[in-house]
Amino acid sequence: MDKANPFAGSYFPYAFSLVIYSISWFCLWSISSYLSPDLLLAGLFLPTGLKLAVLVLTARRYWKLFVISELIISGWLIYLIGDQQQDILLLLCPFLSYLLAIPFADIWQQLKTYWQKLLALVSLVLVHGILLGGMILLLIKPLDLPLNYAFSSAIAAITGGVLLTPFLYLLYDYLHHKVWVPLSPALIRQEVTLRPSALLWAITFFTIGLVAELTLLDQMEPLGLLIILLPNIFMAYKYGWQGGVLATVMNSILLTTARQISGSFATDQELQIFMTTQALVGLGLGIAISRQYLLAQKLQQANQDLAAELTNKQDLARQLVQVEEDIRKSVARELHDEIGQNITAIQIQAMLADRTTQEENTKTIADTINTLSMRIHSATKQLLTQLRPHILDELGLENALRQLAHEMKFAERQVDFKINIGIAADKLDDITAVTLYRIVQELLNNVTKHSQATEVQLSLMPGTSFSLELRDNGCGLPVNWRTKGQGLKGIEERVSALGGHLSIESNDNAHIRAGSELNTNKGTRIIVTLPTKITPS
Numbered sequence: 001m002d003k004a005n006p007f008a009g010s011y012f013p014y015a016f017s018l019v020i021y022s023i024s025w026f027c028l029w030s031i032s033s034y035l036s037p038d039l040l041l042a043g044l045f046l047p048t049g050l051k052l053a054v055l056v057l058t059a060r061r062y063w064k065l066f067v068i069s070e071l072i073i074s075g076w077l078i079y080l081i082g083d084q085q086q087d088i089l090l091l092l093c094p095f096l097s098y099l100l101a102i103p104f105a106d107i108w109q110q111l112k113t114y115w116q117k118l119l120a121l122v123s124l125v126l127v128h129g130i131l132l133g134g135m136i137l138l139l140i141k142p143l144d145l146p147l148n149y150a151f152s153s154a155i156a157a158i159t160g161g162v163l164l165t166p167f168l169y170l171l172y173d174y175l176h177h178k179v180w181v182p183l184s185p186a187l188i189r190q191e192v193t194l195r196p197s198a199l200l201w202a203i204t205f206f207t208i209g210l211v212a213e214l215t216l217l218d219q220m221e222p223l224g225l226l227i228i229l230l231p232n233i234f235m236a237y238k239y240g241w242q243g244g245v246l247a248t249v250m251n252s253i254l255l256t257t258a259r260q261i262s263g264s265f266a267t268d269q270e271l272q273i274f275m276t277t278q279a280l281v282g283l284g285l286g287i288a289i290s291r292q293y294l295l296a297q298k299l300q301q302a303n304q305d306l307a308a309e310l311t312n313k314q315d316l317a318r319q320l321v322q323v324e325e326d327i328r329k330s331v332a333r334e335l336h337d338e339i340g341q342n343i344t345a346i347q348i349q350a351m352l353a354d355r356t357t358q359e360e361n362t363k364t365i366a367d368t369i370n371t372l373s374m375r376i377h378s379a380t381k382q383l384l385t386q387l388r389p390h391i392l393d394e395l396g397l398e399n400a401l402r403q404l405a406h407e408m409k410f411a412e413r414q415v416d417f418k419i420n421i422g423i424a425a426d427k428l429d430d431i432t433a434v435t436l437y438r439i440v441q442e443l444l445n446n447v448t449k450h451s452q453a454t455e456v457q458l459s460l461m462p463g464t465s466f467s468l469e470l471r472d473n474g475c476g477l478p479v480n481w482r483t484k485g486q487g488l489k490g491i492e493e494r495v496s497a498l499g500g501h502l503s504i505e506s507n508d509n510a511h512i513r514a515g516s517e518l519n520t521n522k523g524t525r526i527i528v529t530l531p532t533k534i535t536p537s
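For the sequence shown, UniProt numbering begins at 1 and goes up steadily by one.
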C-alpha cells in the first residue's frame with residue numbers, strides 16, 4: 001500500500017462505498033421527506049429500498065460501514081429537525097435490516113435464475129416491512145403513538161423496497177453482465193449506437209399518463225388503476241422483467257407528480273398502496289413474461305438439439321444402409337464372378353464326361369453332377385437377386401418395377417393390376433432406388449401370397465419426397481402383423497432408417513380417395529414416403 005495515498009490499496013473501495021452510500025441515502029431521504037414530512041416515515045420510504053438492495057448485492061465486509069453511515073446521518077437529522085419522540089426509532093432500523101440480511105444472504109447465494117432472485121427480493125421487502133411494522137406496533141403504547149402509525153410505517157418501508165430494490169438489482173445485473181472493453185483508439189473513433197426505443201416508450205407513456213392525470217382525473221378515477229397499469233403491461237410484454245421494473249419506477253414518478261400538482265390522493269398511505277400495487281403487478285407480469293420467454297428459448301434450443309440429433313441418426317442410418325448395399329453388391333459380384341464361373345466349368349466338365357465315356361455309371365454320375373450344378377446355379381441366381389437386383393442396374397427403377405410386376409403374372413391370376421409411375425426415377429439416388437425396389441418386391445409378394453385381391457394398384461407419386469402407394473381390395477392384414485411376419489416390419493425399419501414414413505390402412509379402416517379406380521372400402525392401403533436426394537446431372 002502506498003503510504004502517501006491514504007485511499008490507495010484496500011482502503012479505497014471502503015471509502016468509495018461509504019461516500020456513495022451516504023450521498024444516495026441522504027438524497028433519497030430528501031425526496032421522501034418532500035412526499036412525507038414525518039422524519040421517521042421519510043427515512044423508512046425510499047432509503048429502505050436502497051438499504052436492502054445494498055445489503056443483498058454487496059459483500060458482507062461493507063455492511064458495517066453502511067450501518068454506521070446510516071446511524072450517523074439519522075442521528076444528525078434527529079438532532080437538527082427531530083421534534084417527535086418516535087424519530088428515535090430511526091436509529092433502530094439499520095440493525096433490523098442488518099440482522100434480517102444475514103440469513104437472507106446465504107439464501108441469495110444459492111439462487112441461480114433472475115426470477116428466483118426477484119421473488120426473493122420482494123419477499124425480503126415484505127418480511128422487512130412486516131417486522132418493522134410489528135416492532136413499531138409493540139412501541140405504540142410506550143411512545144403514545146396512534147395505532148395506524150405502525151401500518152403507515154410498514155407501508156412506507158414496503159413501498160420504498162418494492163420500488164427501489166428491483167430497480168437497483170436491474171442496474172446491478174446490467175453492470176455485472178456487461179462486457180467492458182478497455183478503451184482503445186479504435187473504440188474512441190467508433191460511433192456510439194443508441195437504442196432509444198425503451199426510453200422513447202417510457203417518455204411517451206409518462207407524458208400521456210401525466211396529461212390524463214391532470215386533465216381527466218375526475219372522469220377516469222374509477223379506471224385509474226387500469227390506466228396506470230397499461231405502461232406496466234406494455235413494457236413487461238415488450239422488455240420482460242426489465243421493462244416491468246422501468247415502468248414501475250416511471251409510474252411511481254407519474255403518481256407522485258400528479259399527487260403534488262392536483263392532490264389526486266387523499267393521504268400518503270393511499271398513494272403508497274397504489275404505488276405498491278402497480279409495482280407488484282408490473283414486476284410479477286414482467287417475471288412471468290421473461291420466464292415464459294426463457295422457457296420458449298430452452299424449448300426451441302431443445303427442439304434444435306433434437307432435430308440435429310435426429311439428422312445425425314438419419315445420416316448414420318443412411319450410411320449404414322449404404323454400407324449394407326455396398327457389401328451386398330460386393331458379395332453378389334464375388335458370387336457371380338467366382339461361384340458362377342466355377343459352376344459353369346463344372347457343368348462343362350460334366351457334359352464332356354458324359355460325351356466321352358461309354359460307361360453307364362459314369363454317364364449317370366455326369367448327369368447327376370450337371371443336375372446338381374444347375375440347382376446350385378439356380379439357387380445362386382436367386383441369391384444374387386436377393387443380394388443385388390441386377391435388373392435394377394440394367395433397366396432402371398421404372399422398367400425394373402414393370403418387369404417385377406410382369407414376373408408376378410397377375411394377368412394369369414385374374415388380378416387387375418395397374419401401375420402408375422409419375423416421377424423421374426432416374427434422378428433418385430442408388431439407396432432410395434434399391435429400397436423402393438425391395439419394398440415393392442416385398443409388397444407384391446405379400447399381395448400374391450396372402451391378400452386374395454382381384455384389384456391392385458401401384459403408384460409412384462411425384463413431389464418434394466418420393467411417395468409410393470399400393471392399394472388392393474383383398475382380405476387385409478392381420479391384427480398382429482407386426483409380430484407375425486418380418487416382411488412389413490423390415491420395410492418399416494428400413495424406411496425409418498432413411499428418414500421416411502410408412503402408413504398402413506387395412507380392412508374397414510381403409511379410406512380410398514373419391515374418384516379412385518378402386519371403389520371398395522375393403523382391402524389394404526400402404527403408403528411409403530422417402531426423402532429424395534437428387535443426383536447431379
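From the three backbone atoms N, C-alpha and C, an ideal C-beta is built for every residue, glycine too.
Provide the residue(s) that pair with residue i in DSSP beta bridges, ordered along the chain.
{"i": "Gln457", "result": "Lys418 and Arg471"}
{"i": "Arg525", "result": "Arg471 and Glu505"}
{"i": "Ser465", "result": "Pro531"}
Return the chain-ordered list of same chain residues with a C-beta closer than 6 Å to the C-beta of residue i, the five sequence neighbours on each side being excluded.
{"i": "Asp268", "result": "Ser36"}
{"i": "Thr529", "result": "Ser465, Ser467, Gly500 and His501"}
{"i": "Ser33", "result": "Ala42"}
{"i": "Asp101", "result": "Strictly speaking, residue 101 in this sequence is Ala, with Asp absent from that position. Answer for Ala101: Leu55, listed in chain order."}
{"i": "Ile527", "result": "Glu469 and Ser503"}
{"i": "Thr58", "result": "none"}
{"i": "Ala247", "result": "Pro231, Asn232, Met235 and Gly282"}
{"i": "Asn509", "result": "Low local confidence applies: a pLDDT of 43 at Asn509 is under 50, so the model's placement there is unreliable, with the coordinate-based value given in what follows. Taken in chain order, the list of residues that qualify is empty."}
{"i": "Leu187", "result": "Bear in mind that the predicted position of Leu187 carries a pLDDT of just 47, short of 50, making it unreliable; the figure below should be weighed with that in mind. Closer than 6 Å at Cβ, skipping near neighbours: no residue."}
{"i": "Ser252", "result": "Leu163 and Met275"}
{"i": "Phe410", "result": "Phe417"}
{"i": "Ser290", "result": "Gly240 and Trp241"}
Keeping to the same chain, check which residues put their C-beta closer than 8 Å to that of residue i; ignore five residues upstream and five downstream.
{"i": "Val19", "result": "none"}
{"i": "Arg494", "result": "Val321, Thr435, Arg438 and Ile439"}
{"i": "Leu119", "result": "Ile287"}
Considering only residues of the same chain and omitting the five flanking positions on each side of residue i, which have a CB-CB separation below 7 Å?
{"i": "His511", "result": "The predicted model places His511 with a pLDDT of 41, which falls under 50 and marks its position as unreliable; any figure quoted below should be read in that light. Around His511: Glu505."}
{"i": "Ala453", "result": "Val415, Val447, Asp472, Asn473, Gly474 and Gly523"}
{"i": "Pro389", "result": "Ala400 and Tyr437"}
{"i": "Ile491", "result": "Ile439, Glu442 and Leu502"}
{"i": "Leu164", "result": "Leu46, Gly49, Leu50 and Ala53"}
{"i": "Thr532", "result": "Leu428, Thr432, Ser465 and Phe466"}
{"i": "Asp87", "result": "Leu39, Leu40 and Ile78"}
{"i": "Arg328", "result": "Leu387 and Arg388"}
{"i": "Gly515", "result": "The predicted model places Gly515 with a pLDDT of 37, which falls under 50 and marks its position as unreliable; any figure quoted below should be read in that light. Around Gly515: no qualifying Cβ."}
{"i": "Ile73", "result": "Ser22, Trp25 and Phe26"}
{"i": "Lys64", "result": "none"}
{"i": "Ala353", "result": "Thr362 and Ala366"}
{"i": "Leu145", "result": "Gln86"}
What distance in whole Å lies between the Cβ atoms of residue j and residue i, which are believed to be in contact at a cut-off of 8 Å?
{"i": "Thr48", "j": "Gly133", "result": "Not really, about 12 Å apart at Cβ, beyond 8 Å."}
{"i": "Gln272", "j": "Ala156", "result": "6 Å"}
{"i": "Thr380", "j": "Ile421", "result": "Going by Cβ atoms, the distance from Thr380 to Ile421 rounds to 31 Å, so no, they are not a contact pair."}
{"i": "Leu229", "j": "Gln292", "result": "No, Leu229 and Gln292 are not in contact; Cβ-Cβ is about 19 Å, not under 8 Å."}
{"i": "Val162", "j": "Val122", "result": "7 Å"}
{"i": "Gly129", "j": "Ile158", "result": "4 Å"}
{"i": "Ala332", "j": "Leu384", "result": "5 Å"}
{"i": "Leu131", "j": "Ile140", "result": "Leu131 to Ile140, Cβ: 15 Å. No contact."}
Any beta carbon of chain B sitting closer than 8 Å to that of residue i?
{"i": "Phe167", "result": "Judged by its chain identifiers, the structure shown contains no chain B, having just a single protein chain."}
Runs of alpha helix (DSSP H) wholly within the region 10-63 (minimum 4 residues, chain order): 11-35, 39-44 and 46-57
Taking contact to mean 3 or more Cβ pairs, one atom from each stretch, closer than 8 Å, check whether the region 468-475 and the region 438-456 are in contact. yes
Is the number of C-beta pairs between the region 72-90 and the region 105-118 that are closer than 8 Å three or more? no
Touch check for the region 163-178 and the region 52-72: three-plus C-beta pairs under 8 Å? yes
For the region 395-409 and the region 345-352, state whether three or more C-beta atom pairs, one from each stretch, are separated by less than 8 Å. no
contact_flag[the region 312-328, the region 368-375] where n(CB pairs < 8 Å) is 3 or more: no
May I ask you to verify whether the region 81-96 touches the region 132-152, counting CB pairs closer than 8 Å and requiring at least 3? yes
Quick check: the region 272-289 against the region 226-245, are at least 3 beta-carbon pairs closer than 8 Å? yes
Note down, one range per segment and in chain order, each alpha helix (DSSP H) of at least 4 residues found wholly within the region 91-142. 93-110 and 114-138
Kindly provide the ranges of any beta strand (DSSP E) runs that are 3 or more residues long and lie completely inside the region 259-307, ordered along the chain. none
Which runs of the alpha helix (DSSP H) at least 4 residues long sit entirely within the region 361-414? Give them in chain order. 390-395 and 397-407
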